[in-house]
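Below you'll find the structure, written out as structure tokens, and then a few comments.
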Amino acid sequence: MFKKAETAIFWTAVVLSQVFGVICVVLAGLWGGAYGSGLDWNDPSKVFNFHILFMTLGFVFLCGDALLVYRLFRSGPKLPLKILHAFLLVLALVCAAIGVRAVYEVRKNKPPKTLYSIHSWLGITLFVGFALQWLFGFISFLFPKTPMYSRKIYLPFHTGFGLFLHCLAVLVALCGITENNMFSGKYKDLRNEEVLGNLLGLFIVGFHALVFFIVSYSAYRRVEFEEPENDAGRSLVMTQNSFEKN
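Quick look at the structure:
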């Protein structure tokens, strides 16, 4: 059982994380809507705004919430949580794919070309790493033929790399925000547009900090729970050690 103080801190952090996450998405939409003339896939001048919105929604907000699944429902049945976790990550990957396609559509016919900046290089690295993480996670934890010993060996790598990817997503987002503000040529004037971009960056960092705290704090890890689960005709018994690694 949680101590009362830990419980209060936990739920405060959870609520704040969702508030920060929603603010991130709203600010990303406002940045494109208020200063980028809105969202329209058929208008080349407005397509880029999809990149800002969907990358924030996917790799920052949805990915962060996927990491929180195993903390919010610490003593629930594991299989539904695996499915929810995988589903949120699929949504995140779809959003990111839309974001990548948007910036490609904008840059393919006019300078500056794509894939020249550290933002784009890290972004592609993040996208590929995210897709591989999901694929190996599905094979390891949702594919019923995967042996239990393989799952236990891979689990700490999966959880650690997942948290690293969210850290990388924040870094990529901050690089992108700075790059976009620099393109205006008036970053030093700190107009409302640049202030909004900076605020977006601050809330992204705040959201990640809350997610990182909730996921990393040992008292918030899954409690010991014994759950029967079909695995090639065997019953799966989750031990305290496996939950501590998750």
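Residue numbers (the working numbering): 1317 to 1562. Glycine included, every Cβ here is placed at the ideal spot set by N, Cα and C.
Span separating the alpha-carbon of residue i from that of residue j
i: alanine 1413; j: lysine 1320; result: 42 angstroms
i: leucine 1458; j: lysine 1398; result: 7 angstroms
i: glutamate 1421; j: asparagine 1358; result: 10 angstroms
i: glycine 1354; j: leucine 1515; result: 19 angstroms
i: serine 1333; j: glycine 1492; result: 22 angstroms
i: valine 1341; j: leucine 1471; result: 30 angstroms
i: leucine 1506; j: serine 1500; result: 10 angstroms
i: histidine 1401; j: lysine 1426; result: 39 angstroms
i: tryptophan 1450; j: phenylalanine 1477; result: 11 angstroms
i: phenylalanine 1473; j: lysine 1502; result: 43 angstroms
i: proline 1360; j: isoleucine 1339; result: 27 angstroms
i: glycine 1517; j: tryptophan 1347; result: 12 angstroms
i: arginine 1537; j: cysteine 1483; result: 19 angstroms
i: methionine 1464; j: serine 1532; result: 24 angstroms
i: lysine 1468; j: threonine 1475; result: 11 angstroms
i: glutamate 1424; j: tryptophan 1327; result: The sequence given here places lysine at residue 1424; glutamate does not occur at that position. Going from the Cα of lysine 1424 to the Cα of tryptophan 1327 covers about 45 angstroms.
i: asparagine 1557; j: valine 1539; result: Low confidence applies here, because asparagine 1557 scores a pLDDT of 40, under 50, leaving its location unreliable and the question unanswered by this model.
i: phenylalanine 1452; j: valine 1385; result: 18 angstroms
i: threonine 1462; j: asparagine 1508; result: 53 angstroms
i: valine 1331; j: glycine 1380; result: 13 angstroms
i: alanine 1350; j: serine 1466; result: 50 angstroms
i: leucine 1448; j: serine 1456; result: 12 angstroms
i: lysine 1504; j: glycine 1445; result: 35 angstroms
i: phenylalanine 1403; j: asparagine 1497; result: 33 angstroms
i: isoleucine 1368; j: tyrosine 1432; result: 18 angstroms
i: glycine 1345; j: alanine 1324; result: 32 angstroms
i: proline 1460; j: phenylalanine 1454; result: 10 angstroms
Under 8 angstroms between C-beta atoms of residue i and residue j
i: phenylalanine 1480; j: glycine 1415; result: no
i: valine 1363; j: alanine 1418; result: yes
i: leucine 1512; j: leucine 1343; result: yes
i: arginine 1387; j: isoleucine 1520; result: no
i: phenylalanine 1336; j: phenylalanine 1523; result: yes
i: glutamate 1495; j: histidine 1435; result: yes
i: glutamate 1322; j: alanine 1535; result: yes
i: valine 1527; j: leucine 1383; result: yes
Where the alpha helix (DSSP H) through residue i begins and ends
i: glycine 1349; result: 1320 to 1351
i: proline 1472; result: 1464 to 1499
i: glycine 1392; result: That residue, glycine 1392, is in no alpha helix (DSSP H); it is neither H nor E in DSSP.
i: threonine 1441; result: 1434 to 1457
i: lysine 1362; result: 1360 to 1371
i: valine 1539; result: Element bounds for valine 1539: n/a, residue is neither H nor E.
i: glycine 1517; result: 1508 to 1532
Is there contact here, the region 1430 to 1440 with the region 1392 to 1408, by at least three beta-carbon pairs under 8 angstroms? no
State whether the region 1367 to 1382 contacts the region 1400 to 1411, with contact taken as three or more CB pairs (one from each stretch) at a distance under 8 angstroms. yes
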